[in-house]
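So the sequence lines, in the order shown, correspond to chains A and B. For the first sequence, my numbering gives the first residue as 1046, with consecutive numbering after it. For the second sequence, my numbering gives the first residue as 445, with consecutive numbering after it. Notes for the one structure printed next.
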Amino acid sequence: MHEIFSQLAGLLTHLGEKPILVIPLLGGEVRLDWMTILMSWIVMAILIVIALLLRRSLNRPVEEKPNRVQATLDALIDLLRSQLSSNFSSEELGKRMFPFVSTLFLYVLISNWIGIVPYLTSPTQDLNVTFGLALLVFFLSHWLAVRKKGIRRYLRGFAEPYAFMVPINLVGELAKPLSHAFRLFGNVLAGSILTTVVMAKIFPLAFPAGLNIIFGLFFGGIQGFVFAILAVAYINVAVES
Amino acid sequence: MLQEAESVASGISGADIVAAAKYIAAGICMGIGAIGSAIGEGIAAAHALDGMARQPEMQGALLRTMVLGQAITETTGIYSLLIAIVLLFVV
């Protein structure tokens, strides 16, 4: 019983004892988790290398017939556009936000999927990563809202519909990045805890592979999509309402 | 009988009771916490299916909205999962 808990504690990167990089900074210190940083750099490298490889075969005149890579990428972009950025209520905002939400989706998707490779962990299994992404969406949405509406109308938006609703509106706004981050983190963590428990104790041979398909690929894909579409919804609500 | 129970009880320290309480609390937290989100997600799926049966051409939009709503409903379940994890590994 105890060794299974120590294994699980090793999974909980931000809770358990893990190799941690300590950087002294301005009298204090910054603690960074090696594994999370390494894994997020691997995910970024995968995305960048695939993008560069695919771009090479697109470097050709427009008049020619589209080749296979171009047709595939067209379908992918069409899919992302129709599923994600078409949910913006204005066309112009959707066009501007399309690269951001697509990148967010692809990053979270690859982060979730990389956890099914043995000896690799998902970077989204660390609350710091998901919270960073959620805060990015949070600040971006409010910055865009201030730019679109002006600071006066933006601040007055908190007093809607009545002035005494200000604290409720503030709490509602601050709860958004929290739930946004915890949802992704909790789902990925629950999947890896379940897989670890089954692999360590119950049936180590083929059953965890099925669990990996369900939790890693299926829920990972759904959670990546949900994370991106919630980012779309939060930005849209902040800017358009 | 009473003496037996007392001799067993004397071997149990306070830390044991806390450990047992931790596991029980985590189990209760997860078990009860999952009820609400499970019912909510089921209701969302049922109504989305109703809509799809009535208007099959709306399937894409309904599926997207259903998944989004279910993900938001799931948040309470995820919160109880976090509480259970904190109870098991941190407290």
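Glycine included, each C-beta is placed from N, C-alpha and C at the ideal position. All values reported here derive from a predicted model rather than from experimental measurement.
In its chain, beyond the 5 residues on either side, Pro1111 have a beta carbon closer than 8 Å to the beta carbon of A/Asp1119. Note that the region 1175-1192 of chain A touches the region 1272-1285 of chain A; at least 3 beta-carbon pairs, one per stretch, sit closer than 8 Å. Secondary structure note for A/Gly1073: its beta strand (DSSP E) is the uninterrupted segment 1073-1078.
Beyond the five residues adjoining it in sequence on each side, A/Ala1276 comes within less than 7 Å, by CB distance, of Val1146, Leu1149, Val1182 in the same chain, given in chain order. For A/Gln1115, the enclosing alpha helix (DSSP H) covers residues 1113-1128. If you ignore the 5 residues before and after B/Ala470, its C-beta comes within less than 7 Å of the C-beta of Ala528, Leu531, Leu532, all in its own chain and listed in chain order. In this structure, the CA atom of A/Gly1217 is about 48 Å from the CA atom of A/Val1107. For a cut-off of 8 Å, the C-beta gap from B/Met502 to B/Gly495 is around 6 Å, short enough to register as a contact.
With respect to A/Gly1261, A/Trp1188 sits apart: the two C-beta atoms are not nearer than 9 Å. Judged by pairs of C-beta atoms under 8 Å, the region 1155-1171 of chain A touches the region 1084-1103 of chain A, as three or more such pairs exist.
Of all residues in the region 506-531 of chain B, only Arg508, Val511, Leu512, Gln514, Ala515, Ile516, Glu518, Thr519, Gly521, Ile522, Tyr523, Leu525, Leu526, Ile529, Val530 come within less than 9 Å of chain A when Cβ atoms are compared, listed by chain position. C-alpha of B/Asp460 to C-alpha of B/Arg508: approximately 48 Å in a straight line.
Excluding residues up to 5 positions away in sequence, nothing lies with its Cβ nearer than 7 Å to the Cβ of A/Ala1096 in the same chain. The beta carbon of A/Ile1122 does not come within 9 Å of any beta carbon belonging to chain B, so the residue lies off that interface. The C-beta of A/Asp1123 has fewer than 16 other C-beta atoms within 10 Å across all chains shown, which makes the residue exposed. Straight through space, the alpha carbons of A/Ser1237 and A/Ser1130 are spaced by roughly 30 Å. Each of A/Met1142, A/Asn1232, A/Tyr1279 was checked against the Cα of A/Ile1259, and the nearest Cα belongs to A/Asn1232. Taken through DSSP and simplified to helix, strand or coil, A/Pro1206 comes out as coil.
Beta bridge pairing from DSSP links A/Leu1070 with A/Gly1073. DSSP places A/Glu1137 inside the alpha helix (DSSP H), whose first and last residues are 1136-1158. Contact between B/Ile522 and A/Arg1228 holds, with the beta-carbon distance rounding to 6 Å and staying under 8 Å. Bounds of any alpha helix (DSSP H) do not take in A/Gly1261, whose DSSP letter is neither H nor E. The Cβ neighbour count for A/Pro1144, taken over all protein chains shown within 10 Å, is under 16; the residue is labelled exposed. Collapsing the DSSP output to three states places A/Leu1275 in a helix.
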